[in-house]
Every structure is written in C-alpha cells, then in structure tokens.
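Note sheet for the following structure.
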Amino acid sequence: MADYSWWGLDPAGHHLTNILLHILVAMSLFWFINIVFQDQGLALFTSLLFVVHPVHVEEVAYISSRSDSIGLVFLNDQAGEILEG
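First residue of the sequence shown? That's 4 in the working numbering, and the numbers climb one at a time after it.
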C-alpha cells in the first residue's frame, strides 16, 4: 500500500523499491555471514555474489516476488540475532 501511494502505477518506482530491497537483503546477508564465519572477506564475497547472481533476477524484476526479499531480510536478521546473542 505504501509503495502504491508513493509511486502510483509508475513501474520505475516499484522497480527502484525492489532494487533497494535487494540491497537490504545483501547487507543482511553480509551481516549474517560475518557473524557465522567471523570473516569479512567471505561475507563480502558472498553478499556480492548474491547481488549479481542471475538466479535473483525475478526478485528484482517482478513486484510479486517482493515477498522473497522481505522474508530473507527477516530470516537473516533473526538467525543472526540468535547466533550473536
């Protein structure tokens, strides 16, 4: 609903939101891998591979796949919180 109130029916705005969500997922993946392995180089490589891998095209290109990105952000954050504390 908020996305529609910001962008209306403009597909570029919805695409921008999906790109920002994809970046947020990559940042949460970096944080999670860094907690698990204590290696920032591995975490950076993993998150960059996640960002550029072609299997994730649907998450960025289609509005209906937005739930995958949102779910992965929460999964990474909760798993990281459990492992960290």
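Ideal Cβ placement from N, Cα and C applies to all residues, glycine included.
- Query: Rounded to a whole number of angstroms, what is the C-alpha to C-alpha distance between Ile66 and Val76?
  - Reply: 16 Å
- Tell me, to the nearest whole angstrom, how far the beta carbon of Ser72 is from that of Glu62; I am working on the premise that it is less than 8 Å. 5 Å
- Query: Can the beta-carbon of Gly88 be found less than 8 Å from the beta-carbon of Trp34?
  - Reply: no
- Query: Which class does Gln43 belong to by DSSP, given the choice of helix, strand or coil?
  - Reply: helix
- Item | Tyr65 (DSSP reduced to helix, strand or coil) | coil
- Query: Are the CB atoms of Ala29 and Phe53 nearer to each other than 8 Å?
  - Reply: yes
- Message: Using only the alpha-carbon positions, how far apart do Ile38 and Leu86 sit?
- Response: 7 Å
- Message: Is it buried or exposed, Leu23, if we count other Cβ atoms within 10 angstroms and call 16 or more buried?
- Response: exposed
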